[in-house]
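> Below is one structure. I have some questions about it.
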């Protein structure tokens, strides 16, 4: 289907503006344009309220076709594999939700994960379709994720991140680095790597910064405190690897482990442990701590 028929949609649905054609119903249009999805699947989605009109209301199965009509539909992965971990909600009010994400659970739908994501699970648990993550952590990383619960105050919370008015604290377990002095600050320029889902350090002006300290020494392994000043994809994983101590059980760094199954007993030893900021709506200082701990 032509990319021009799509527009950016709100956080959990895709949007289609119906193209010119001679269909009598929206259903017929959808069936022809999404030939990989059967008529039975579209009927099932419509029956479950998973196809919406421009007002966000579920469409009837016989809704007449009209060129340019805006339709929202939800991506679904047939036979999506359950992820056997459970998230916690640490805090929720009308503006803000703080979740404690276990290892292996993606924050938002991507690829083979749609319903088995933190966002979709929280939308169902809290019955709030307006939830939007304010930042991301990797699927393999555990810990704190903030969500906006109210579109009216969303921008106030979103602005905390680019203006660096939020303090983020991580822990990681990786090999000992007795040859380096700590605490230290690691700055580098991070660029896209190979394969496409990896990042790497490259020449040029630094665009990432992480403060690093040693919290605990345990023989060949140390527990590190990581304090990212910037928030690039995979930043902490790349920075620790650059120092010579790739984080334990990392499937991407230093080497990509091909076709590896999730091993729930050996997660990536990286935890988004703490967040601190002044709430832009209430003016209160907020301090949140993950209930998850990294085991040696």
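Residue numbers (UniProt numbering): 1 to 296.
No residue lacks a Cβ here, since even glycine has one placed at the ideal position from N, Cα and C.
Here the structure is a predicted model, which is why all the values come from computation and not from measurement.
#1: Give me the Cα-Cα distance between residue 272 and residue 258, rounded to the nearest whole angstrom.
#2: Figure out for me which residue from 88, 213, 189 has the closest Cα to the Cα of residue 230.
#3: Which residues in the same chain have their Cβ closer than 8 Å to the Cβ of residue 24, if we skip the five residues on either side of it in sequence?
#4: Roughly how many angstroms separate the alpha carbons of residue 213 and residue 151, rounded to a whole number?
#5: Report yes or no: do three or more beta-carbon pairs, one from the segment 149–164 and one from the segment 193–204, lie closer than 8 Å?
#6: Compute the distance between the beta-carbons of residue 292 and residue 142, then report whether it is under 8 Å.
#7: Pull up the distance between the alpha-carbon of residue 254 and that of residue 238, whole angstroms please.
#8: Residue 44 to residue 50, Cα distance in whole Å?
#9: Between the C-alpha atoms of residue 252 and residue 106, what's the straight-line distance to the nearest angstrom?
#10: If I'm right that residue 27 touches residue 98 with Cβ under 8 Å, what's the distance once you round it to whole angstroms?
#11: Residue 24 lies in the beta strand (DSSP E); which residues open and close that run?
#12: Does the segment 104–124 come into contact with the segment 165–172, if we say contact requires no fewer than three beta-carbon pairs (one atom in each stretch) closer than 8 Å?
#13: Start and end of the beta strand (DSSP E) containing residue 222?
#14: Based on the DSSP output, what are the partners of residue 148 in its beta bridges?
#15: Less than 8 Å between C-beta atoms, sequence neighbours within five positions excluded: which residues of the same chain meet that for residue 125?
For this structure:
#1: The residue given as residue 272 occupies position 272 in the chain shown. The residue given as residue 258 occupies position 258 in the chain shown. Here the alpha carbon of residue 272 sits roughly 26 Å from the alpha carbon of residue 258.
#2: As a first step, residue 230 must be located in the chain shown, where it is residue number 230. Nearest C-alpha to residue 230: 189.
#3: Against the chain shown, residue 24 aligns to sequence position 24. The residues are 64, 65.
#4: Translated into positions along the chain shown, residue 213 becomes position 213. Translated into positions along the chain shown, residue 151 becomes position 151. Answer to the nearest angstrom: the Cα atoms are 38 Å apart.
#5: These segments do not touch.
#6: Taking the first residue of the chain shown as position 1, residue 292 is located at position 292. Taking the first residue of the chain shown as position 1, residue 142 is located at position 142. Against a cut-off of 8 Å, the Cβ pair of residue 142 and residue 292 comes out as a contact.
#7: Position 254 of the chain shown, counted from the first residue, corresponds to residue 254. Position 238 of the chain shown, counted from the first residue, corresponds to residue 238. Cα-Cα distance, rounded: 8 Å.
#8: On the chain shown, residue 44 is found 44 positions in, with the first residue counted as 1. On the chain shown, residue 50 is found 50 positions in, with the first residue counted as 1. If you draw a straight line from the Cα of residue 44 to the Cα of residue 50, it is about 9 Å long.
#9: Here residue 252 refers to the residue found at position 252 of the chain shown. Here residue 106 refers to the residue found at position 106 of the chain shown. Their Cα atoms are separated by approximately 16 Å.
#10: As a working note, residue 27 is residue 27 in the chain shown. As a working note, residue 98 is residue 98 in the chain shown. Rounded, the Cβ-Cβ distance is 41 Å, inconsistent with contact.
#11: Stepping through the chain shown from its first residue, residue 24 is reached at position 24. Per DSSP, residue 24 lies in no beta strand (DSSP E) and is assigned neither H nor E.
#12: At 8 Å Cβ cutoff, the stretches do not touch.
#13: Reading the chain shown from its first residue, position 222 is the one you call residue 222. For residue 222, the uninterrupted beta strand (DSSP E) run begins and ends at 221–228, by DSSP.
#14: Start at 1 with the first residue of the chain shown, and residue 148 comes out as number 148. 96, 132.
#15: Position 125 of the chain shown, counted from the first residue, corresponds to residue 125. Once the five neighbours on either side are set aside, the close Cβ partners of residue 125 are 89.
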